[in-house]
Amino acid sequence: MYYDGPNNSLIVSDYVNHRILQFSINYPPSVATVIAGSNGEGCDMNQFTTAVGVALDSSGQLYVSDAGCHRLVRFPLSSNSTISATFLGYINTPELLFINELTGDIYVVSYGDNAVYKFVGGNGSPVVAAGGNGNGNASNQLAGPNGVYYDYLYTHALYVADAGNHRVMKFPSDSTSATYGTVVAGGNGAGSGANQLNNPRSILVDSQGTLYISDGDNNRIQRWLQNANSGTTIVGGTKGTAPNQLNFPDQILFDKYNNLLVVDRNNNRIQRFNLTTC
């Protein structure tokens, strides 16, 4: 999922149907428009097998990480189902991605390599920005990572949802495979305690350095204040379909009104929450 602020719309990877959808959220729910894919399952440049991460760059070009085809691809502005993508690079089982709007750097999680790769300036061969040292729980390792967030406005750091280690890692802006990160949330085993996470999926950071974490297998969104040892549940906490419940929350984003958008994965929906009431 990607939030397009100027158009107040959502870009959503509908991976089961091998397509990318765009929804206007001015008057939800809206009818979606197909902006890429929908040409069956495959690795041709107008197809996907498992489209996971999506993002737009500052010029409106669409980037998609396709886990099944092990690649990052780019579609031009105003793409549709008839348009073919440009291949940018091979990534072993890519997951979510993030674009630094100031530099154009693209960060892509590699589940298969237990790493985060960076395409500097959005081009060239990817370089390791975190992990890449095998599956493990050392401070320079990751285990089945899923989400990535580069905070270019406030903390100028790279955050990784290290799902298999049930923790969130923080790395400096110039990190490489040789860099040791810091655990900033979780890391106390899989569990539902206030100091624990269970399969964290994605991360956000606000202007105060507060972390927002989608805690997948706990069906909740956790808020961790900067330098805190535990978090508080602001959304969910029990599995279900009610408006205040979640079922395996995945990616989270803020909209331009500071509402929290949540991919409620196993409920096949996207939820919007006003944090002033949470």
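Following numbering that gives the first Met the number 0, the numbering of the sequence shown begins with 0 at its first residue and continues without gaps. Even for Gly, the Cβ is constructed at its ideal location relative to N, Cα and C. If you're wondering where the values come from, they're calculated on a predicted model, not measured in any experiment.
Spatial neighbours of F47 in its chain, beta-carbon cut-off 6 Å, leaving aside the 5 residues before and after = Position 48 of the sequence shown, counted from the start, is the residue given in the question as residue 47. H17, G36 and D65.
Considering only residues of the same chain and omitting the five flanking positions on each side of A193, which have a CB-CB separation below 8 Å?
-> The residue you call residue 193 lines up with position 194 of the sequence shown. Excluding residues within five positions, the ones whose Cβ falls inside 8 Å are S229, G230 and T231.
Tell me which same chain residues have a C-beta within less than 6 Å of the C-beta of V261, skipping the five on either side of it?
-> Position 262 of the sequence shown, counted from the start, is the residue given in the question as residue 261. So the qualifying residues of the chain are P248, I251 and Q270.
Taking the alpha carbon of D263 as the point to measure from, which residue in V53, Y149 and D216 has its own alpha carbon closest?
-> Your numbering for residue 263 matches position 264 in the sequence shown. That would be D216, whose Cα lies nearest to the Cα of D263.
Where do the ends of the beta strand (DSSP E) carrying P171 lie?
-> Position 172 of the sequence shown, counting from 1, holds the residue named residue 171. Run containing P171: R166 to P171, per the beta strand (DSSP E) assignment.
Under the three-state DSSP convention, the category T81 falls into | For this step, residue 81 is matched to residue 82 along the sequence shown. It is coil, neither helix nor strand.
From A142, N113, D104 and D161, residue whose alpha carbon lies closest to that of Y280 | Residue coverage of the chain in this structure runs from 0 to 277, which leaves residue 280 outside it and unanswerable.
Euclidean distance between Cα positions of L20 and I10 | Residue numbering aside, residue 20 sits at position 21 when the sequence shown is read from its first letter. Residue numbering aside, residue 10 sits at position 11 when the sequence shown is read from its first letter. Each residue's Cα considered, the two are about 6 Å apart.
From Y148, L71 and H165, residue whose alpha carbon lies closest to that of D214 = For the purposes of this step, residue 214 is identified with residue 215 of the sequence shown, where counting begins at 1. Taking only the C-alpha atoms, the option nearest D214 is H165.
Could you tell me the distance, in whole angstroms, from the CA atom of A142 to the CA atom of F22?
-> Sequence index remark: in the sequence shown, residue 142 carries index 143 (1-based). Sequence index remark: in the sequence shown, residue 22 carries index 23 (1-based). Their backbone Cα atoms lie some 33 Å apart in a straight line.
What's the gap between the Cα of D13 and the Cα of S80?
-> If you number the sequence shown from 1, residue 13 lands on position 14. If you number the sequence shown from 1, residue 80 lands on position 81. Using only the alpha carbons, I get a separation of about 13 Å.
In or out: Y116 buried (at least 16 other Cβ within 10 Å) or exposed?
-> In the sequence shown, counting from the first residue as 1, residue 116 sits at position 117. Label assigned to Y116: buried.
Please list, in chain order, all residues of the same chain as L87 whose beta carbon is under 7 Å from its beta carbon, the five residues on each side excluded.
-> Taking the first residue of the sequence shown as 1, we reach residue 87 at position 88. Contacts found: L71, V72, R73 and F118.
Find the nearest neighbour of C68 within the set P93, S83 and T85, judged by alpha-carbon distance.
-> Within the sequence shown, numbered from 1, the residue matching residue 68 stands at position 69. Looking at the Cα atoms, P93 is the closest of the given residues.
Close beta carbons around A281, own chain, < 7 Å, minus the five adjacent residues each side | In this structure the chain extends from 0 to 277, so residue 281 is not present and cannot be described.
Take the Cβ of Y1 as the centre, count every other Cβ of all protein chains shown within 10 Å, and call the residue buried at 16 or more, exposed below.
-> In the sequence shown, the residue the question calls residue 1 occupies position 2. Y1 should be labelled buried.
With Y148 as the anchor, note down where its beta strand (DSSP E) starts and where it stops.
-> Here the question's residue 148 lines up with position 149 in the sequence shown. Residues G146 to D150.
Rounded to whole angstroms, how far is the Cβ of G180 from the Cβ of N139, which I believe are closer than 8 Å?
-> Translated into positions along the sequence shown, residue 180 becomes position 181. Translated into positions along the sequence shown, residue 139 becomes position 140. G180 to N139, Cβ: 7 Å. Contact.
Looking only at DSSP bridge pairs, what is Y26 linked to?
-> Sequence index remark: in the sequence shown, residue 26 carries index 27 (1-based). Looking at the DSSP assignment, Y26 forms no beta bridge with any residue, so it has no partner.
Secondary structure at T240, three-state DSSP: helix, strand or coil?
-> Start at 1 with the first residue of the sequence shown, and residue 240 comes out as number 241. Coil, per DSSP.
So with Cβ pairs under 9 Å, would you call A189 a contact of chain C?
-> Checking the listed chains, one finds no chain C in this structure; it contains a single protein chain.
Cβ distance (whole Å) where L203 is taken to contact Y148 below 8 Å | Looking up residue 203 in the sequence shown gives position 204. Looking up residue 148 in the sequence shown gives position 149. Yes, L203 and Y148 are in contact; Cβ-Cβ is about 6 Å, under 8 Å.
Roughly how many angstroms lie between the CA atoms of P171 and A177, to the nearest whole one?
-> Start at 1 with the first residue of the sequence shown, and residue 171 comes out as number 172. Start at 1 with the first residue of the sequence shown, and residue 177 comes out as number 178. Taking the straight line joining both Cα atoms gives about 12 Å.
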